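S.K.: Residue numbers (our numbering): 3 to 136.
All residues carry an ideal CB built from backbone N, CA and C; glycine is no exception.
Note that the structure is predicted; figures quoted are calculated from it, not measured.
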Ligand code: FES
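(1) Spatial neighbours of residue 70 within its chain, please: C-beta separation below 6 Å, excluding the five flanking residues on both sides.
(2) Identify, in the order they occur along the chain, each residue of the same chain with its Cβ nearer than 7 Å to the Cβ of residue 98, setting aside the five sequence neighbours on each side.
(3) Please report the residue range of the beta strand (DSSP E) in which residue 117 lies.
(4) Taking 8 Å as the cut-off, is the beta-carbon of residue 83 closer than that to any non-hydrogen atom of ligand 1?
(5) Within the continuous alpha helix (DSSP H) that includes residue 81, where are the two ends?
(6) Under three-state DSSP, which class holds residue 94?
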């Protein structure tokens, strides 16, 4: 079997074939493993997840069975807000989400509507201690 014939078989079956031997790995599986994942550490639950480029962080966490607080998954309830300790975390649709410019500059993100562009470390939002005025 020449290379052209093998290529035809490959295209027809979508399986990788070497020297006429069909391997049990589908091309989609190989492509998926090649796609670089970013590692995102969630300090407050002591877990590290893999997040694909353009994948929402919350979706990645749910896919990997990590339990996090969330509700709407649309940027409106603010339940999923976390603080970026390290890394590049991009808030998607910031104008449509219930997050202020001030919160964004304080490195807070709604992870149901955020993606990563590097490895990152996130933690729960640290609230300033309340001040009692006497
Ligand atoms: S789950 Fe509601 S804002 Fe993220």
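M.R.: Let's see:
(1) Excluding sequence neighbours, residue 70 sits near 63.
(2) Correct list, in chain order: 77.
(3) Per DSSP, the continuous beta strand (DSSP E) segment holding residue 117 begins and ends at 116-118.
(4) Correct: residue 83 has its Cβ closer than 8 Å to ligand 1.
(5) Counting along the chain, residue 81 falls outside any alpha helix (DSSP H), and DSSP gives it neither H nor E.
(6) Residue state, collapsed to three classes: coil.
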